[in-house]
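Working notes for the structure below.
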Amino acid sequence: MRDATTVLMLGSMLGLAGCGSDPEPPPEAEEPPIIMQAGAWELTRKTTGYNTPTVTPAQYQEALKQIGEEKLCIAFDQDNAPDADALAGPEGQDCVYKDKLVRKGRLIATLSCKAGAGVSELVVEGNYTADSMTLGTTMTKTEGGKPVLRTTHDLTARRVGDCPAAG
């Protein structure tokens, strides 16, 4: 009886040893990062929302007709994030990133900027390639701690070449 038990135990152990001996699948190749290219970019900002404490329906409708276009030289930081002032456009100056995620073609960030007598905070989210961006922005401007303006924009940008040489 003892020999039969030993044979069963040995068989079980050998059977278990065979489990997991399949070769591990090769690791999946990691996608190369998408690096946005510094240079001359054309940006188009279409207003999709405009709200102040005193906005009238006519002012709101007029704001929705606003489309701003500009051509800028844009630099990108070590995290591949575009210049914060370029993203903010006319809604702020001296902008800094409060937080940012730039990864696999997605940009999600919060900017803090000076804006006239107050400050503006922009939330930016969207997609990018090496030579284009399609982003949505929501800006809240405060003065004395009170919100005075909130806007939303669709921001599209495309790289159009190199920046002119300084000289």
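Start counting at 1 in the sequence shown, then tack on 812, and there's your number in my numbering.
Note that CB positions come from ideal geometry on N, CA and C, so glycine has one too.
Asked, Found
"Using a Cβ-Cβ cutoff of less than 6 Å, which residues in the same chain neighbour residue 926 once the five nearest sequence positions on both sides are dropped?", "905, 906"
"Three-state secondary structure (DSSP) at residue 959?", "strand"
"Check this for me: beta carbons of residue 880 and residue 902, under 9 Å apart or not?", "yes"
"For residue 894, does the count of other Cβ atoms within 10 angstroms reach 16, so buried, or fall short, so exposed?", "buried"
"Please list, in chain order, all residues of the same chain as residue 897 whose beta carbon is under 6 Å from its beta carbon, the five residues on each side excluded.", "907"
"I need the boundaries of the alpha helix (DSSP H) containing residue 849, first residue and last residue.", "Run containing residue 849: none; DSSP gives neither H nor E here."
"According to the neighbour-count rule (16 or more other Cβ atoms, all chains shown, within 10 Å of its Cβ), is residue 963 buried or exposed?", "buried"
"For residue 872, would you say it is in contact with chain B, using Cβ-to-Cβ distances shorter than 9 Å as the test?", "The question asks about chain B, but that chain is absent: this structure has only one protein chain."
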